[in-house]
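Structure first, commentary second.
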Amino acid sequence: MQNRLKILNIWVDKVTREDALERVKTFLASGSKPHSIFASNPEKNFSIPKDPDLYETFRNADLLIPDGIGIVLAVRFLYGNHLKRIPGSEFFHDICRLAADKKYKIFVFGAKEEVNHKATQFLKELYPGINIVGRSHGYIKDEEMGNLINKINESKAEILFLALGSPKQEKWFSNYKDSLKYVKVCQGIGGTLDTIAGIVKRAPDFWCKFGLEWLYRLITEPKRIKRQKVLPIFAIKIIIEKIRLEVKNSRV
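Structure representation (structure tokens):
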């Protein structure tokens, strides 16, 4: 946690993509509990703090990757650290490659049934030898969650991917982490399965290279405006925070 930076009301870890993967390797090799991996982005600054339990779960996450370009720019502006973005959807593939190589067992939970099925089948083709020991769509009722937990435990999965969207996936982890017997790594992957299944297209490399994936997704999915309307507010708050920090430092 010593490399964790506070960005307004949330946090992000000061890690490279290689650092993050090394942490995952450590979790899998010597972990004795489910280690959570969540993505930090500007939208979560406004959604996560609304729920005290959710806020605590996010704050105590084992790895908070800099997923959003807004978070990366905020870190540079506030702390002068040239942190690079680690898209959760790409880091997911890093973990899959590691799992295929080391034969770790994977359980995939989330998305619609057809999306979940198609995505897991594609992963088996993409990573020969990957050991997906179980899967489930994300539309499980609360009263049926015990059966899902039993299914995950019976599979002895060491890696659990939660494709439930935020903040639902963080809240699920908060509620059920203590019931997971064998899981050592749990990553919230949002809509990644939709991308893998071809339901949603990722931005072309040009957009990603210049940190404009958010704009591409807004253009192709106009309904995202409800989430992204907080971005200007986030930017203004970051500027105010920068001024506050400079005034504070000048008084020391």
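Per my numbering, the sequence shown runs over residues 92 to 343.
Yeah, the Cβ is synthetic: ideal placement off N, Cα and C, and Gly gets one too.
Predicted, not measured: the structure shown is a model, and the values here were computed from it.
query, result
"Where in the segment 97–181 do unbroken runs of the beta strand (DSSP E), each at least 3 residues long, occur, reported from the N-terminal end onward?", "101–104, 126–131, 154–157"
"Flag this pair as touching only if the segment 251–271 and the segment 138–158 have three or more C-beta atom pairs under 8 Å; answer yes or no.", "yes"
"Ordered along the chain, which non-local residues of its own chain (more than five positions away) have a Cβ less than 6 Å from that of K124?", "none"
"Below 6 Å CB to CB, which residues in the same chain sit around A165 once its five sequence neighbours on both sides are set aside?", "I98, I329"
"Using 8 Å as the cut-off, can you tell me whether the segment 233–247 makes contact with the segment 166–186, which would need three or more C-beta pairs spanning the two stretches below that distance?", "no"
"On the DSSP bridge list, what partners appear for G201?", "A254"
"Going by alpha carbons, who is nearest to L155 out of R335, I101, K333, G289?", "I101"
"How many angstroms separate the CA atom of I223 from the CA atom of N136?", "33 Å"
"Specify the secondary structure class of N94 as computed by DSSP and reduced to three states.", "coil"
"Cβ of F182 less than 8 Å from any chain B Cβ?", "Among the protein chains of the structure shown there is no chain B, as only one such chain exists."
"Using DSSP bridges, identify the partner residues of V274.", "V274 is not bridged to any residue."
"Nearest-angstrom Cα distance between I177 and T107?", "8 Å"
"Can you tell me which of Y170, A248, G161, Q212 puts its alpha carbon nearest to the alpha carbon of V321?", "G161"
"Just the Cα atoms here: how many angstroms apart are F198 and V115?", "16 Å"
"By Cβ distance below 6 Å, which residues in the same chain neighbour L251 in space, the five residues on each side in sequence not counted?", "F198, V274, C277"
"Checking 8 Å against the spacing of the C-beta atoms, do L214 and I324 come in under that value?", "no"
"At the level of alpha carbons, what is the spacing between Y230 and K339?", "48 Å"
"Quick check: the Cα distance between E249 and D153, rounded to an integer number of angstroms?", "16 Å"
"Specify the secondary structure class of K247 as computed by DSSP and reduced to three states.", "coil"
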